[in-house]
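*Asks:*
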Amino acid sequence: MDLTTSEEYASQSKLLQEFTKVPSIDSAWVLKNNNDGISTAMFSISQPDLLANRTRKYSMYCHIKGAGTNSRDFQWSPFPTEMTGVSVIVPSPSGSKLLIVRNGEKGCPTKLEIVDQSHVEKEIHVGQSMHGPLYTDEWFHGISWNQEETLIAYIAEAPPQPRPVFSDSGYRKGDSSDEDCNTWKGQGDWEEDWGERYSKKGRPSLFVLDIASGEVRAAEGIATSLSVGQVVWVPPSSSGSQTYLVFVGWLEHNGFHNTARKLGIKYCSNRPCALYAIASPFERPETENKPVCDGKSDSAASAHNLTASISSAFFPRFSQDGKILLFLSAKQAVNSGAHNATDSLHKINWLSDWKMDKQLDVTEVVPIVMCPEDGCFLGLYCSSILSNPWLSDGCTMILTSAWRSTEVILSINVLSGKVTRITPEDSHYSWSALAIDGDNVLAVSSSPIDPPHIRYGRQVTPEGQTRRWTWDEVDSPLRTARDRVKSLLSHHSVTILQIPVANPSDDLSDGGKLPFEAIFVSCKDSSHSPTVVVLHGGPHSVSVSSYVKSSAFLASLGFNLLIVNYRGTPGYGEEALQSLPGKVGSQDVRDCLTAIDHVINEKLIDASKVAVVGISHGGFLTTHLIGQAPDRFVAGAARNPVCNLALMIGTTDIPDWCYMVACGTEAKKYASESPSPDHLRLFYEKSPIAHVSKVKAPLLMLLGGADLRVPVSNGLQYARALRERGGQVKIMMFPEDIHEIIIPRSNFESFLNIGVWFMTHLK
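Heads up, the sequence shown is in the working numbering, so the first residue is 7 and it goes up one at a time.
#1: Are the CB atoms of Phe253 and Gly227 nearer to each other than 8 Å?
#2: Measure from the alpha carbon of Val420 to the alpha carbon of each residue in Trp396, Thr406, Ala441 and Ile428, then state which is nearest.
#3: For the candidate residues Val94, Glu691 and Ser50, whose alpha-carbon lies nearest to that of Trp35?
#4: Does Glu202 come out as helix, strand or coil in the three-state DSSP assignment?
#5: Would you tell me roughly how many angstroms separate the C-alpha atoms of Gln153 and Ala449, rounded to the nearest one?
#6: Identify every residue that forms a DSSP beta bridge with Val222.
#7: So the candidates are Leu118, Cys114, Gly91 and Gly110; which of them puts its Cα closest to the Cα of Leu104?
#8: Taking C-beta to C-beta, are Leu520 and Gln18 nearer than 8 Å?
#9: Buried or exposed for Ala280, going by 16 or more other Cβ atoms inside 10 Å?
#10: Quick one: residues in its chain with C-beta nearer than 7 Å to the C-beta of Ser562, no 5 flanking neighbours on either side, listed in chain order?
#11: With a threshold of 7 Å (Cβ to nearest heavy atom), would Leu541 be considered close to the ligand NAP?
#12: Determine the burial state of Val126: buried for a count of at least 16 other Cβ atoms within 10 Å of its Cβ, exposed for fewer.
#13: At 4 residues or longer, and completely inside the region 581-623: list those alpha helix (DSSP H) runs for me, N to C.
#14: Using the beta-carbon count (16 or more within 10 Å), is Met48 buried or exposed?
#15: Going by Cα to Cα distance, which pick from Lys530, Ser532, Asn607 and Ser453 is closest to Ser557?
#16: Taking Val375 as the reference, which of Glu581, Asn646, Ile632 and Pro86 has the closest Cα?
#17: Given a cut-off of 8 Å, decide if Ala617 and Leu768 are closer than it, judged by their beta-carbon atoms.
#18: In terms of residues, what are the limits of the alpha helix (DSSP H) holding Met765?
#19: Mind checking which residues open and close the beta strand (DSSP E) that includes Cys664?
#20: How many angstroms separate the CA atom of Thr293 from the CA atom of Arg223?
#21: Does the region 92-112 come close enough to the region 131-151 that 3 or more CB-CB pairs lie under 8 Å?
#22: Please classify Pro291: does DSSP put it in a helix, a strand, or coil?
#23: Taking the straight line between their C-alpha atoms, what separation do you get for Val595 and Trp437?
#24: Excluding the five sequence neighbours on either side, which residues of its own chain have a C-beta within less than 6 Å of the C-beta of Ala441, listed in chain order?
#25: Kindly indicate which residue of Gly711, Asn355, Leu251 and Phe321 has the alpha-carbon position closest to the one of Glu289.
#26: Going by DSSP, what residue range makes up the beta strand (DSSP E) through His459?
#27: In the DSSP assignment, find the unbroken beta strand (DSSP E) run with Thr657 in it and report its ends.
#28: List the residues that DSSP assigns as beta-bridge partners of Gln504.
#29: I need the straight-line Cα distance from Asp300 to Pro166, nearest angstrom please.
#30: Could you give the distance in angstroms between the alpha-carbon of Trp475 and the alpha-carbon of Gly656?
#31: Taking one C-beta from the region 477-490 and one from the region 521-539 each time, how about it: are there three or more such pairs within less than 8 Å?
#32: When DSSP labels each residue in this structure, what does Lys38 get in the three-state scheme?
#33: Give me the Cα-Cα distance between Lys207 and Gly544, rounded to the nearest whole angstrom.
#34: Quick check: what's the CA-CA separation for Leu392 versus Ala408?
#35: Could you tell me which of Leu357, Leu57 and Ala164 sits nearest to Ser325, measuring between CA atoms?
#36: Is the region 683-699 touching the region 172-181 in the sense that three or more CB pairs, one from each, lie closer than 8 Å?
If you want it as C-alpha cells, here you go:
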C-alpha cells in the first residue's frame, strides 16, 4: 500500500466510524401502565462492536405521558441497558413480564428467563435433547405469549438425528447417544437445510413452555416434512374450551417437479406455505412427548391446514376480539415463480366454537394491484407485520409497505378493505411503524442523508377540516449520534426522479411502460462532482429513501449517488414487476443507462466521472454495465455478484431463480437440476461473463466465503477471466461471511475499501 492510499485508508476509516456508531432501532413495544394516560415504550436497538466483531444489543425505555389533547411528553431513561448474551426479548401482553432468550451455543442449553418488574421470576434451561437454539430471524421466528401469560409458544431447532457410533471393533449397536475416548461419531444421513442464512440449523419446530412448572413440550401432530414458524395463540374467547395455536408451515418437498428439496428461503417469498392450527400440547394427556412428531398421529391431533385454497399464507394476526384472523399472502410470487411480488391481504372469520374438523372460508381484503392509476394505491409490499398492528377500534390495522421509492405507513380497514396512506405524501423520507399506542402510532422516519428520527403519529381534526394524521418528532437520546452524521451531509440534498421508459416495446404490459424512479443524492455542486450509481439486488427488491449507513458514507466522501429502482422493483404494481423476468441483462441494463442519461441530460452530473456499485443482482448489473457500456464507467465495485448463471445453476441454493430470471414465465416448465445444453447457453448469454472481454473499468470484487446464494466461484471465475484479459481487478475475500457480508468487521472493511477504491479512481 503506497503512502497516498495509506493516508486515504486512515482518513476514511475514521469517517466511517462516525456512521458505524449510529445505532439502529430494531423493534419497539408499547406497554400500558395502570396509570391512565401513561404508556411505556421499550426499544430494542443495536450497534456494531468492531473490536469484539459482534453486534451490541441495548434496551431503552421511554414514558409517554398525555400532557394535553394535542401533545405528548416523552421521558427517557438516562442510559441504555446492554443486553449481553441476549438473543431476543418479548414482553407479555400486559407488559408486566418479559421473556429473555439466551440461545445456547456449541451444545450448551438454551436459557429462557421470565422477568417481572423487579426480578427474574423463573429461569429454565432447555437441553439439546429437547431442542436447540430458538429461531430469531425475520421468517421462521415466532414467540407468542398466551393471554393468561401462563404459556409461551416458540419456534426452535429440532434436535439432530442420532449419529452412528464406531469404535475399534466397528459399529456399536444399541444406545449410541454418548461418546467416550474409545469411540467416535460418524456423520449419518445428510439433513438438508433452508440454504443461505440457515446453514447447519435444525428443522424449525414448535414448542410450548409452561411457565409455572418450567416444562417444555413439543407440539404433536406436525409431520416432519413441515418446517414451522410465526406461531400465535388463538385468543381464549375464540377457541371455546380447547386451546389452539396457529402457525405457518412450509412443506420441504418444494424442489423441481415436486421433488424433495428445500430451496433457499431467505429473500424468497415464493416458497409455498399455509396456515395450520393445532391443539396446545398441554391440552392433551402427556404420553411419550417426542420432540418431533413422526406425522402418524391420530387425525384429531394432526395439524389442520386452514388455507388449503391459497398457495401462500404467512404473518397471521388475530384481531383484538379474536373474531378475525388476518394474514398476508405471496400467492402471486408462488404462482408466477418471481422470488418476490405484490402481496395480498386475506382474512378468516374465526368461529368461537371452531373444531379441527371444520373448514373456514378465506376472504380477500386487499387484492393484488396490477397496474396502478396515477396517485392511487400501488399494492402491498410488506416485509413484516407488527405483533400487535391494531388500533383501538379493533378493525383498523397498521402496516408498513414500499410505495415506489419510499416506504410508507398504511391503515387498512379490514371490514371494508379501504387502504389509506397515513404518512406525508409530499416527503422524500421513508417511514416504518414500530408499535401501536392505543389510537396512535410510534414510528421511525429517515432519509438517505438524515438518520432515523422517532415519530409519534396521532389523528387530529383541525377546525373546519377533515380528520388527518399529524406526526410529532420525538426528542430522544439517539439524537446526538444522528446530528453528528447529519452535519457531515449538510451540503447534500435528496430528489426522487421520475425516469420515462426509453422506447418501450409493443409487447410490454401497460404497467411495464410506466416510468420507474431513481433516488438522486446530490452534492452542493453536483454537476462537477463524481457520481456513484447504486444498484439493489433481487432483482425484485427495492431501494427506499431511508438512511443506509454505507450509502451515507459514500455521499459524505463527496460523491453524488444515483440509486436506481429499475423496472422489476416492487412498489410499482405487479405488471411493472413482472416485466423483467426473462429480460435480465437487457431491460434492467437499459433502465440503468436510461437513468444515467436522464441526469446527464438534466446537467445534474458529470458524464466523465461515473462509477457503479451493487450487491447480488446489483452486482450482476454492475458487471453487465462495465461490459456492455465500457466507456461510460470509470470504476466498479461488486459484492457477491451473479456473473455466470450457467455456473450458478448447479451451486446455488435457489436454482429456480436462474430459470426465472432467464426464461421468464416459461421457467417452471423447463426447470431441472440437469439443465439442457440450450438452457446453459441461454444462461451464459444473459450473464455478465459474456461481455467480460469488453471491460475497461477497474473492478473491486468483494466476496463472502460462506455465501450459499451466489457461491464465490461466480465472482472468482469472472475476476480471473478479467485478469486473464489484462483487466484491473482487486479481490477481497471474507471467508466466514455470507451473501450480505454482515459480520461487523467484514462490513466495515468492505465499504472502507469501496470508498478508497472510488476515491482513487474518480478523484
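We put the beta carbon where it would ideally sit given N, CA and C, even for glycine.
From a predicted model like this one, the values you see are computed outputs, not experimental measurements.
*Replies:* Taking the definition as stated:
#1: Your numbering for residue 253 matches position 247 in the sequence shown. Your numbering for residue 227 matches position 221 in the sequence shown. The beta carbons of Phe253 and Gly227 sit no closer together than 8 Å.
#2: Stepping through the sequence shown from its first residue, residue 420 is reached at position 414. The option with the nearest alpha carbon to Val420 is Trp396.
#3: By one-based count along the sequence shown, residue 35 stands at place 29. Taking the Cα of Trp35 as reference, the smallest distance to any Cα among Val94, Glu691 and Ser50 is reached at Ser50.
#4: Here residue 202 refers to the residue found at position 196 of the sequence shown. DSSP places Glu202 in coil when its eight states are reduced to three.
#5: On the sequence shown, position 147 is the one that residue 153 refers to. On the sequence shown, position 443 is the one that residue 449 refers to. A straight line joining the alpha-carbon of Gln153 with that of Ala449 spans about 26 Å.
#6: Looking up residue 222 in the sequence shown gives position 216. Under DSSP, Val222 shares a beta bridge with Leu215.
#7: Position 98 of the sequence shown, counting from 1, holds the residue named residue 104. Considering only alpha carbons, the answer is Leu118.
#8: As a position in the sequence shown, residue 520 is number 514, starting the count at 1. As a position in the sequence shown, residue 18 is number 12, starting the count at 1. Judged by beta-carbon spacing, Gln18 lies beyond the 8 Å limit of Leu520, meaning their Cβ atoms are not closer than that value.
#9: Looking up residue 280 in the sequence shown gives position 274. Here Ala280 is buried, its C-beta having at least 16 other C-beta atoms within 10 Å.
#10: Numbered from its first residue, the sequence shown carries residue 562 at position 556. Cβ contact annotation for Ser562 (same chain, cutoff 7 Å, sequence separation greater than five): Leu21, Leu494 and Leu495, in chain order.
#11: No copy of the ligand NAP appears in this structure; indeed no ligand is present at all.
#12: Counting from one through the sequence shown, the residue named residue 126 turns up at place 120. Exposed, since its Cβ has fewer than 16 Cβ neighbours within 10 Å.
#13: Qualifying alpha helix (DSSP H) stretches, in chain order: 593-607.
#14: Counting from 1 along the sequence shown, the entry for residue 48 is found at position 42. By the beta-carbon neighbour count (other beta carbons within 10 angstroms, threshold 16), Met48 is buried.
#15: Along the sequence shown, read from residue 1 onward, the residue named residue 557 stands at position 551. Taking only the C-alpha atoms, the option nearest Ser557 is Ser453.
#16: Reading the sequence shown from its first residue, position 369 is the one you call residue 375. If we check each option's Cα against that of Val375, Glu581 comes out closest.
#17: Residue mapping note: residue 768 aligns to position 762 of the sequence shown, counting from 1. Residue mapping note: residue 617 aligns to position 611 of the sequence shown, counting from 1. Yes, the pair counts as a contact, with Cβ atoms nearer than the cut-off.
#18: If you number the sequence shown from 1, residue 765 lands on position 759. Where Met765 is concerned, the enclosing alpha helix (DSSP H) stretches over Pro750 to Leu768.
#19: As a position in the sequence shown, residue 664 is number 658, starting the count at 1. Per DSSP, Cys664 belongs to no beta strand (DSSP E); it is in the alpha helix (DSSP H), Pro661 to Cys669.
#20: Stepping through the sequence shown from its first residue, residue 293 is reached at position 287. Stepping through the sequence shown from its first residue, residue 223 is reached at position 217. Its pLDDT being 44, under 50, Thr293 is placed unreliably in this model, and the value from its coordinates should be taken loosely. Between the alpha carbons of Thr293 and Arg223 lies a gap of roughly 11 Å.
#21: Counting Cβ pairs under 8 Å, three or more are found: they touch.
#22: Counting from one through the sequence shown, the residue named residue 291 turns up at place 285. Bear in mind that the predicted position of Pro291 carries a pLDDT of just 46, short of 50, making it unreliable; the figure below should be weighed with that in mind. Coil.
#23: Here residue 595 refers to the residue found at position 589 when the sequence shown is read from its first residue. Here residue 437 refers to the residue found at position 431 when the sequence shown is read from its first residue. Distance between the alpha carbons of Val595 and Trp437: 29 Å.
#24: By 1-based counting over the sequence shown, the position of residue 441 is 435. Same-chain partners within the cutoff: Ala34, Trp35, Val36 and Leu448.
#25: Against the sequence shown, residue 289 aligns to sequence position 283. Of the candidates Gly711, Asn355, Leu251 and Phe321, the one whose C-alpha sits nearest the C-alpha of Glu289 is Leu251.
#26: Taking the first residue of the sequence shown as 1, we reach residue 459 at position 453. In this chain, the beta strand (DSSP E) harbouring His459 covers Asp456 to Val466.
#27: To locate residue 657, count along the sequence shown from 1; it is residue 651. Counting along the chain, Thr657 falls outside any beta strand (DSSP E), and DSSP gives it neither H nor E.
#28: One-based indexing of the sequence shown puts residue 504 at position 498. Under DSSP, the beta-bridge partners assigned to Gln504 are Glu523.
#29: Here residue 300 corresponds to residue number 294 of the sequence shown, with the count starting at 1. Here residue 166 corresponds to residue number 160 of the sequence shown, with the count starting at 1. Since pLDDT at Asp300 reaches only 40, below the 50 mark, its modelled position is unreliable, and the value read off the structure follows with that caveat. One alpha carbon belongs to Asp300, the other to Pro166, and they sit about 14 Å apart.
#30: To locate residue 475, count along the sequence shown from 1; it is residue 469. To locate residue 656, count along the sequence shown from 1; it is residue 650. Between Trp475 and Gly656, the C-alpha separation is close to 51 Å.
#31: Output reads no: the region 521-539 does not touch the region 477-490.
#32: Taking the sequence shown and counting its residues from 1, one reaches residue 38 at position 32. In the structure shown, Lys38 sits in a strand (DSSP, three-state: E or B).
#33: Here residue 207 corresponds to residue number 201 of the sequence shown, with the count starting at 1. Here residue 544 corresponds to residue number 538 of the sequence shown, with the count starting at 1. Distance between Lys207 and Gly544, taken at the CA atoms: about 24 Å.
#34: To locate residue 392, count along the sequence shown from 1; it is residue 386. To locate residue 408, count along the sequence shown from 1; it is residue 402. Rounded to the nearest angstrom, the gap between the Cα atoms of Leu392 and Ala408 is 15 Å.
#35: Here residue 325 refers to the residue found at position 319 when the sequence shown is read from its first residue. It is Leu357.
#36: Touching, no, given that fewer than three Cβ pairs across the two stretches are closer than 8 Å.
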